Each structure stands twice: as structure tokens, then as C-alpha cells.
Amino acid sequence: MSTSERRRQTEEPPRSRPGGTRLLGREAELELIGSLLTGPGRGSSGLLLHGEPGVGKTALLDAAAARATDLGMRVLRAAGVQAETRIAFSALHQLLYPVRHEVDRLDGHHRDALHQVLDLTGTPVPEPVVATAVLALLELTTADRGLLMIADDVAWLDGTSAAVLGFVVRRIADAPIVFLAASRTGTEDLFRRSGLPERHVESLDTAWSGAVLDACAPGLAPAVRRRLLVEADGNPLALQELPVPLTERQRGGQDPLPDRLQLSRRLEATCAGLLAELPLPTRRLLLLAALDADAGLSVLRAAAQGSADLDDLVPAERAGLVRAPAAGCGLTFCHPLIGSAVVDLAPPRERRSAHEALAAAFPDDPERRAWHLAEAATGPDEAVARALDEAALTAWRRGTGSPSDLPPPLGALVSDRRRIAASAAVTALMRAGELSPHPVDRSRRLVEAAFLATMTGQLDQVNRLLADAGQTPDTPTGLVFAATAHLLTHDEGDVDAAYRLLAQALDDVACEARKSDWDRLGILYTLLLVSLYTLRPEPWKLLDTAMARFPPEAVTPFRLCYDAYVDPTRKSDAIREGLADAFAELPTDAAPWQIVPLGFAAVALDALSDYRHLLLRMIERERDGGAIGMVIPALLLLCQDSYVHGQWDEAERLAQEGLELAAVYGYQFWERQLRAVLASGAALRGNVDLARVRSEETTTWAAPRGMDVTEGYARSARNLAAIGQGDYEEALVQAARIGPPGAPTPGVPGRWMVLDVVEAAVRTGRVEDARAHVRAAQEAGLPRIGPRIELITAGAAAVAAADTEAAGLFEAALALPDVPRWPWDHARIQFAYGQWLRRTHDMAGARVQLGSALETFDRIGATMMAQRAAAELRATGVSVARPDAAPEPLTAQERQIAELAATGLSNKQIGERLFLSHRTVGSHLYRVYPKLGITSRAALRGALEAMTATAEDDRAPGDAEVQ
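According to the working numbering, the sequence shown is numbered sequentially starting from 18.
Written as C-alpha cells, this is what we have:
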């Protein structure tokens, strides 16, 4: 089977073809065969297809047969069979049997020769006589129509049939006959030497492979789909058959795929024929290589223990099953499925023996030795269970240090083992539990497996594993509580119950924790998660108490996160320095629980952009079968960072990936957090209805569960939507529920909403409240948290300032370092400055600020704010060419009705004032909305303000002359 380097690009997918055949990615081959069938007898006698097993040669022959039948041709077909290779003329018998009744029309010696062939009498018949008789018979059968002859698996044709057909093929170039044959790559046969044109059938490229897999197994989880595409490596038969043995849960991603995929019976049968031809020593070497893909040739030689030597690999190389290894490298199978077939087809006793031999070949590599001993074990064995326990969780238990802290053989493999899949650690612990002779050890290992299952997307396995663990005097009940709390948080969002369980968990662990106690660090991570999404101080206090039990260097990520959320104003500089040091000191393959808390701390200080690559590397490593429970929050953090930096398309892509993973693996908690952030994203883009729907859904879910922070993000979305519409009353209502005027909070998301509160208060006439809010924010030290919050607070101070001070404060805010890094906040302040300049009749200055704000709003996709900026810019005398062109002006009555509606009067109240029916009022408003470019009553105020600005501009030249 060919590798990905040999794939080729193909044309668009073909439509269904005559005969019902539809082969994806084989347009070129089908066109070539079609040209032969429509032009036989023109000097082109046929074609030999060759390629790897399962690549689709037989499917192409089937398609050719169907096409020939549709064209009215006769089809004769034979296929080589290994069991019949010693039966003379057996393939010829198969080929000619459908036209046996025509034989009696031949001359005597030809007739007699073919009767002996078709009767398989065993009487020797000279091959030249048979060959000429076949030519005569073919001439008879093509008298009234064309003929297609097909020979499949020609390497298995008996020698006499192959010789006769070779003779015939060289003499039918001018006859209405087409000969198609197929042969497996790596085999020698008569037709390869006959001069017949050849066509190599390549593996499918990635796009076509995906199309075949989706057609055969629709709805696969993304990670499962990727794994199958890699394993199939473009082989169509593998793409069709690999999904067959998978359970529904495996297809959906709820259960992890095994390290070695099970083969369907059809795939096993395909590979069995290839392997059966090999000598026993060759098969033994292949089994050893298949059971340990990283084993070098020296290891294979040692594991063979004299029963095979490297020269025994030559038959496998000649058969196209393996590649000659480079110096210092291991054996490489030409296709991943060959290794799987070697293992699946080996008897259990041979597999166990091979594992034992491999374990003996790794005396200095405890991790790999443990894996092989576990596979070879047939009953309880504490030594093996302990070795497997340590090997499976090396990366997790010792994640506080780098691989260099571990013994050399073990440290070198930490990266590889975590890359294999964190979910494999769950499987390994379960196996260690099975091998444990003592109930205490069995219970502990299954509890550890349960806790890790909460991290690896196996939430539905947690309760079963905990139940199987049972209860012994030494069962780690703290970890039991932590696993249950994690499950409650992710599955049901019950953070209150999770907090109570975590308090019990910490009571049950020893007062003095050690740096290597990964289980206690796991409890800390779960407690941090609960703390992050509630405004209650108790979880944070408990986390602080728990961290005190560890050496400070063991809990650095948690301490930095604690400080970033609980005490950011006093310690911001220290937190930033600590983040820089902590990220720099992370090992190349750091444990996810080290990275994610650092990510939360960085986001809280708007500092994640410098460390995005580290989170992306962790996501890439863990996405397929790894710590899914930490991949999703990492995607959430990157999403938030992308929104802050104006990369909104990227933010939504990251959020969508997180939502898909959360849905597949059942992490409802993270799904809700992502939807809350997406609600704000919709509001930023001006999609008010979507923002409200997402916000209301999130609030409905979060409020009864005490998730104040999640509810705060949802209300922030409604605040942003109202700001975009110019509905500052609603904006103030939503912002005040997070942090009321005069009482700004350093928590999240309140620390980022100072400008929201101040602007809404000023626009609704509450100027003193706005100024009080600014003073309180400054006194609380919010600007010290970071440059973005410093910009937001400075902008809020300018918005709330008296006219005599506003210009200087706006200029000071916009002169802060690196303000373009925060495009939304930067543009909002420029927009507010431009409005103030236009109101104070500085049209030139207003044009600069509003033009810059408009450009930024357009670039990042803030549609509604861009419309408002364009309207303000037009009011300064600038013609703004936009897709949303200037609206049609309102009539006098429409203007009057709109102004009354903007004050909050109902249609009935407006009708009473203007002596109109409420239906007439509604009809006028229906026409007003599109003219103003709005969709709701709440946006009337802002739209009318912009229209008033335009009217003032119309009078501006006259005013200038008076001055």
C-alpha cells in the first residue's frame, strides 16, 4: 500500500455512472478505461492495472464490466486464486465457461482441445493448440459485438492459463476485444513482461479519502475521523472497512479508540493472504516490529532470541510489506494496517510470547518494559501492575518538573507517552487494576483512572470506575471526592455541590503535601475551576488554604492564577513577572494542568498574546485522545484573547472547535462558557437578536447554579448590544448588575466594564454617577492591573470629564503605549472623542478621530458601531461611501413619531398625543426603522442623534461665516 507521498490530486468527483458504479477519486482511470471500451480494435489491446491490495483495482474492473455491458459488449472474466495455481487451465476454464456452448462450432482439433480444458480432464493438451483454439473461439464470439476480457489477481493465475492469455493478448490488437488485468504491486507475472500498457493505481489523496470515509461512515467525531484517515492512508478498502468494527460510542468519540485498530473480517482476509506466503521467521520479526513501532533493528534482533535474523526481512521487503530500514531506525510498514493485521492474525500465545521477548529486550527502559509485561500477563501480578502504574502516569504524576528531572530512560519518553494519548493512561490504570492482587491497590488505581477520565473526555466512565473501585480503608477518598466534584461541575454545572465535595477532599488528604502528589494537585485544579466562575469568596479562601500545604514552587500556576483574580491591583507587576518566568520554565511537553491555570491568569491581565503558542502547542498535542477536558478551556482562553485583539473570525473559529469538542465529550460546563463569550461576540458584531438569545440562554442556565461570572459575561453581552444600538438606558441596566455605578469591581468581567458603565451613565444624564465611578476605579487601582484596563479607565475619565478637561484626557488616553493592540477599546475611545469634538464644533479634529474609529470598526467587523461612526462622520461634512448608504430622510410626521417613541412612549400614547390610531403609529415606525438603518425601538435614540448631527452639519458653513 502506498504512502501519502505518492498520493496525487484528482479532478472533481464523478457523477454516478452507467451500471450504478460510482468510484470517488478515480476519474482519470475511468476515463482511460472508457476510451479503451469505446475504441477497441484500433491497435490498443488492453491495460494492466497494478497497485497495493485494497487500492481499488477490482472496483475499477467492476466498473469496466458495468460500462462494457451498457455498451452492449460481452464480458468474460476470471480471477486468480491461490488454491488453483497448480491446476492447469483453471483460470482459462473460468474465463471461457460462459461461452462453452460456442465451442462446438470450432474445427475439430480446436474443439477437442477446448473441451478438454473446459472439462478439466487433466489430459495433457499442448499449449499452442489451446492458444490458437482460444483465438478462434474469440473470433466467433466477437462476430456480432465487442468483447471485454478481465483477469484479476493475475499473479495467482495458473501458469498454463497465463501463458495462453499472454499469447492471445499479443494478437488481438486489431480485434474488437479489450483485455483488462489487475496485479498486486510487488508481484511478478507474465503480463508485466508482455508489453501490455500499465497503469499504477495510486492511493487517494486526503480530500478524496475524506469523501470516501464520509460516504461510508457519516457523522464520525472529528478526532475519530482524523485517526481513521491517518490509519487508512488513502486506501479505499481500509476507508470502507475500518469503521465497521467500531462501536457507536467509539464512532461518536465518547469511548477512546484502541492504540491498534481492530480490522474487519474483509481487511483481515485481504492481509492474511499476503502474510501467509511469508516464512515463519519473517512473520516473527514482523510481529515484534508491529508490537513496538519504535523498536530499532538491534532490539528486534535481541527480541528474536536467535529464532530469526534481519536477513529474514527480505521476503517482506520483496512483497512490498515493509521498507528497508535506514541506519539507526526501526522497521517501517508500507501501510499502517499491515502492522495491525500482523498482530490480529497472530495467535494469542504468539503475541504474549513476543511481548515477553520485547520486555526482555528493554532492560534499561522501565516504561516500555512495563507496557510489554502488562500485555503478556495472564493473571494478577503486582510487580507488573506497579510498573505499569508508574509508567502510565509518569507525565501526570511528575508534571511539576521537566523530563530532565526523571531518570534518563524514563524522562526521554515522557513526551512520547503523553503524545500517544492521555486517555491511554486511563486504560493503563484500568489494566493495572486488573493485575492488582490486593484490593487496596486495585481500588487506588481505579480511583486514579476515574479522576483522569474526567480530564480525558470519558465522563461517562467515571461513576462506573468509582463503583468498581469500591471502598477500602486505604482508598484515596480525597481523589474520589475530587473526581465526583469534577464530574458534577462539567456534567451538571453544580459548583456548589462540587465546592462542598472539594472541601471534604482536602480534609481527607494529609496536611503535608509533597511536590510529586499529582492527585492533590488534581484536587487544586478542580477547586480552581469552581473558584473561577463564582464570585463567592469561600472557594478562593479554600484554594488559598490548600496551596499553603505545598511547597510554593509546586503550586506556582495556581498561585499566579489566584493572585490574578483575587488581588490583581496590588500584585500585577509581580504576577506579570511570575507569568513570564513560569511560561519560560515550562518543559517542552508540560502537563496541561500546568499550562491552563497560567492561561487563565494571563487572560485576566490581558497578557495571553505573548504565550498563545504554548497553549496552541498543548492543544495540538492533546486534541486527539489527550486531555480533552483541558483542551476546551484552552480554546476558550484563546478565543477571549482573539476577541480582545480584534481577531474576531479567529475567535469564532476557536469557539466553534471548542463547542464541537464539548458536545462530543459531554463538557456542558465549558459549552456554556463558550456560548457566553460568543454572545458578546455577536453583540460586538451588531447581531443584537443573536446576542440576546445567547445571553438569555446562558443567564437561565448560570443564575440558578450560582455561576456569577458566567452570568456576568452574559449580561456583558447585552450591555454591548445596547451600546451598539445607542440604547444607553438598557446598557446601564445590564452593566449595573455586574458592577453598579460608584462601585467598580476588580473581578471579571467587571474589571473591563468601567467605560461601559461611565458612558451609559453620561448618555443618560447621570454625569455625577459616572465621575464617581471613575474616581472609585482609580482609587481601587484598576489601571494597575494592565495596559488595557489602564486604557479603558483613562477613556472613561475622558468621557465623564467636563468640557474644559475632556480634550486633554482623551489625548492622554490615546497616547498610552500600545493602545492599537486593543482595537475595540481604542476605536470606542476615538469614537467618543470624535463625538465630543463634533459637539464642540471642532470638525477637523472630529473627522480624524471618527475616520480612524470607522476604519477600525470596519476592519474588525463591528457593524453597528461602524454605522454609527459613519453617521457621525457624515455629520462633519465627510461623504462616506458605504454598502449601507445614507438612508432616505424622514418625513416631518415620521420624525415626530420617532422622537416620541425614543422617549419611551407606547404606540397608543403617541397616538393620543398626535390624534392618530396606534395602528397608524405602528405603520409609520415600520417605515422609519429601515430609513434609519435600525431594527428595533431601542435603537431610535442613537439613530436620531446621528440624524441631528447631520442637520447641524447642514448649517455649519453659515455658522462659520458668522464667527
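We put the beta carbon where it would ideally sit given N, CA and C, even for glycine. Bear in mind the structure is a predicted one, so any value in this text is a computation, not a measurement.
- Considering only Lys948, Ala892, Leu917, Ala466, the residue with the shortest C-alpha distance to alanine 963 is Ala892.
- Around the C-beta of phenylalanine 827, 16 or more other C-beta atoms lie within 10 Å, and the residue is accordingly described as buried.
- Only residues of its own chain outside the window of five on either side were considered, and among them Gly510, Asp511, Val512 have a CB closer than 7 Å to the CB of arginine 722, listed in chain order.
- DSSP lists Ala96 as the bridge partner or partners of aspartate 169.
- Selection Gln664, Arg448, Phe379, Ala153 evaluated against leucine 123 yields Ala153 as nearest (Cα-Cα).
- One Cα belongs to leucine 890, the other to alanine 883, and the distance between them is close to 10 Å.
- C-alpha of alanine 240 to C-alpha of tyrosine 682: approximately 11 Å in a straight line.
- Take serine 281, set aside five residues on each side of it, and the residues of its chain with a beta-carbon closer than 6 Å to its own are Glu258, Val261, Pro262, in chain order.
- Every alpha helix (DSSP H) of 4 residues or more that sits fully in the stretch 593 to 635 is shown, in chain order, as 609 to 621.
- For serine 200, the enclosing beta strand (DSSP E) starts and ends at 194 to 201.
- About 7 Å separates the Cβ atoms of alanine 376 and alanine 393, confirming a contact at the 8 Å cut-off.
- Shown here for threonine 202: same chain residues with a beta carbon closer than 7 Å to its own, the five before and five after excluded, namely His67, Gly68, Glu69, Gly337 in chain order.
- Checking the DSSP bridge columns, you'll see glycine 347 partnered with Gly313.
- Going by DSSP, leucine 922 is part of no beta strand (DSSP E) at all; its letter is neither H nor E.
- Counted as a single uninterrupted DSSP element, the beta strand (DSSP E) harbouring glycine 68 occupies residues 63 to 68.
- In the structure shown, the three-state DSSP call for histidine 372 is helix.
- Closest by C-alpha distance to alanine 179, out of Arg876, Thr102, Ala778, Gly782, is Thr102.
- Apart from sequence neighbours up to five positions away, the residues of its chain that approach alanine 148 with a beta-carbon distance below 6 Å are Val181, Phe184, ordered along the chain.
- Distance between valine 401 and tryptophan 388, taken at the CA atoms: about 9 Å.
- Taking 4 residues as the minimum length, the alpha helix (DSSP H) runs contained wholly in the stretch 430 to 484 are 431 to 437, 439 to 452, 456 to 472, in order along the chain.
- Residue range 860 to 877 is occupied by the alpha helix (DSSP H) that includes arginine 864.
- Excluding sequence positions up to five before and after alanine 797, its CB lies within less than 8 Å of the CB of Thr586, Pro761, Pro763, all in the same chain and listed in chain order.
- In the DSSP assignment, glutamate 215 falls within the unbroken beta strand (DSSP E) covering 215 to 217.
- The C-alpha of alanine 286 is placed about 56 Å away from the C-alpha of asparagine 704.
- A buried status is given to serine 733, since no fewer than 16 other beta-carbon atoms sit within 10 Å of its beta-carbon.
- Within the stretch 124 to 150, not a single complete beta strand (DSSP E) segment reaches 3 residues in length.
- Residue state for valine 261 is assigned as coil, using DSSP reduced to three classes.
- Contact annotation: alanine 82 and valine 92 have beta-carbon atoms nearer than 9 Å.
- For valine 895, the CB contacts under 6 Å within the same chain, skipping 5 residues up- and downstream, are Arg864 in chain order.
- Note on geometry: alpha-carbon atoms of alanine 306 and leucine 348 lie some 6 Å from one another.
- The Cβ atoms of threonine 473 and phenylalanine 686 do not sit closer than 9 Å to each other.
- Between the alpha carbons of leucine 284 and threonine 75 lies a gap of roughly 15 Å.
- For arginine 91, the beta-bridge partners assigned by DSSP are Leu164.
- Rounded to whole angstroms, the gap between the alpha carbons of glutamine 267 and aspartate 170 is 35 Å.
- For glutamate 570, no alpha helix (DSSP H) encloses it, and the DSSP letter there is neither H nor E.
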